[in-house]
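Report on one structure; see the data block that follows.
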Amino acid sequence: MPIIEPPSMLKALDLELTHDALATSTLSHGLKVFGDRWTVQVMLSVFLGIRRFDELQSHSGIPRPTLSNRLRALVQIGVLKPRLYQERPPRHEYHLTRKGTGLYDATLMVWLWEQRWGSRAVALPQKLHHKTCQHDFSPELTCQACGDKVGMNDLSFSLSPNARLRHEPLEGMSPPRMSTRESAEMSLGLRVDRWSLLVLTAVVLGCHYFDQISKVLGIGPNVLSRRLSGMVEVGLLRCATDAHDARRRLYRLTPSSRDLFGYIVCLSTWAGESHLHEPSSIRPRHLACQHSFMPRVACDHCHQTLFPWDVSFTSSKAKNT
């Protein structure tokens, strides 16, 4: 196991403040809706133009009762709207609402992550084409204020717990049981779930030690130990020995987990603006332009904002494992 110097910023880390900010964050509340694998799969499919129940079930492999429940929940929160296309028996298509279309940035970040790190069993387009500039492209995360491409290291974070968002305990979140096949795959709907994304966010905010992560997320040691081990196993975290205390372990982000930052920040922004109508308790600032950071996903060729109606793709079948 490698030995690394502990981050100096941890000396000033306020664990109580970090706990309260995470518990009242728009990310935490947004992940209550979009933090399980099936919901992510449904939204990916709908953005690909798959709208009918049987087609959604066939494309995603979601059990029919589970798919029915997820569609009902997405309709209830106003992300999807059913439209009758057959009367006898009644059959519906599920179309994106304006609120649902607002998830496009987050969905593009899912596509980008899946292309780089995801499971080979996930059926997604291999290429995206921007109609505006007539080029194939990869989506890139940019700053809405200045237009520059942005990564996690280009931002600073301040914390201000939002008293208007319910302070929910996170102890009750249990990691889902995975089959052997699921554990061997890594896709945004399998190993990367609400639980994992909150752990990664805690690390982004400076919580690198086991006891710090446990404190800010309110997670018991046995549950956290299993989750951290699983995240290390699939490459979402790197575990190293503290150079100053060999008894302690540090948890660091990896390239694959850093690439999840775009999804995290886009989902958090959507949840605050469109779902909760509240500011987040975790507030990023772009160091280069010194503006509060608002994400904008753009074409890496022409650098224009991307919209669903301006992007075409070629459908692909799931790749063989």
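Sequence positions in the sequence shown follow this note's numbering and run 4 to 324.
Backbone N, C-alpha and C fix where the C-beta goes; we use that ideal spot for every residue, glycine too.
- In this structure, the straight-line span from the alpha carbon of HIS138 to that of LEU253 is close to 43 Å.
- With contacts defined as CB atoms closer than 8 Å, ARG167 and GLU276 fail to qualify as a contacting pair.
- Listed in chain order, the non-local C-beta contacts of SER63 below 6 Å within the same chain comprise GLN44 and SER48, local neighbours out to five positions each way being set aside.
- Beta bridge pairing from DSSP links HIS289 with LEU158.
- The C-beta of HIS278 has 16 or more other C-beta atoms within 10 Å across all chains shown, which makes the residue buried.
- For the pair CYS292 and CYS149, the CB atoms are nearer than the 8 Å cut-off.
- Sorting PHE213, PHE296, THR244 and LEU162 by C-alpha distance to the C-alpha of ASP17 places LEU162 at the top.
- Between LEU240 and LEU200, the CB-CB gap reaches or exceeds 8 Å.
- Assignment of VAL113 by DSSP, reduced to helix, strand and coil, places it in the helix class.
- Relative to GLY238, the option among SER228, PRO85, SER259 and GLN89 whose CA is nearest is SER259.
- In the structure shown, LEU309 adopts coil according to DSSP, grouped into three states.
- HIS98 counts as exposed, since fewer than 16 other beta carbons sit within 10 angstroms of its beta carbon.
- Within the region 215 to 290, the runs of alpha helix (DSSP H) that reach at least 4 residues and sit entirely inside it are, in chain order, 224 to 236, 258 to 261 and 264 to 273.
- If you look at VAL78, you'll find it in the alpha helix (DSSP H) that goes 67 to 79.
- By the C-beta density criterion, PHE140 is buried, having at least 16 other C-beta atoms within 10 angstroms.
- Among the bridge pairs identified by DSSP, ALA301 is matched with GLU143 and THR308.
- Taken through DSSP and simplified to helix, strand or coil, SER315 comes out as strand.
- Comparing alpha carbon positions, the residue from LEU290, SER284 and LEU309 closest to HIS22 is SER284.
- Non-local beta-carbon contacts of ASP303 in its own chain, meaning distances under 6 Å to residues more than five positions away in sequence, involve PHE140, SER141 and GLU143 in chain order.
- Residue pairing for LEU87: DSSP places it in a beta bridge opposite HIS95.
- Taking the Cα positions, MET46 is about 22 Å away from LYS134.
- When DSSP states are grouped into helix, strand and coil, LEU131 belongs to the strand group.
- Judged by pairs of C-beta atoms under 8 Å, the region 198 to 216 touches the region 23 to 37, as three or more such pairs exist.
- Annotation: the continuous alpha helix (DSSP H) that includes LEU201 extends over 197 to 207.
- One thing to note: GLY105 has its Cβ no nearer than 8 Å to the Cβ of TRP312.
- The beta-carbon separation of MET155 and VAL207, rounded to 7 Å, stays under the 8 Å limit for a contact.
- Straight through space, the alpha carbons of SER271 and ARG288 are spaced by roughly 14 Å.
- Assigned with DSSP and collapsed to three states, SER295 falls in strand.
- In the structure shown, HIS138 falls within a strand segment according to DSSP collapsed to helix, strand and coil.
- Look at ARG169 here: in three-state DSSP terms it is coil, with no helix or strand label.
- Shown here, ARG101 sits in a helix according to DSSP, grouped into three states.
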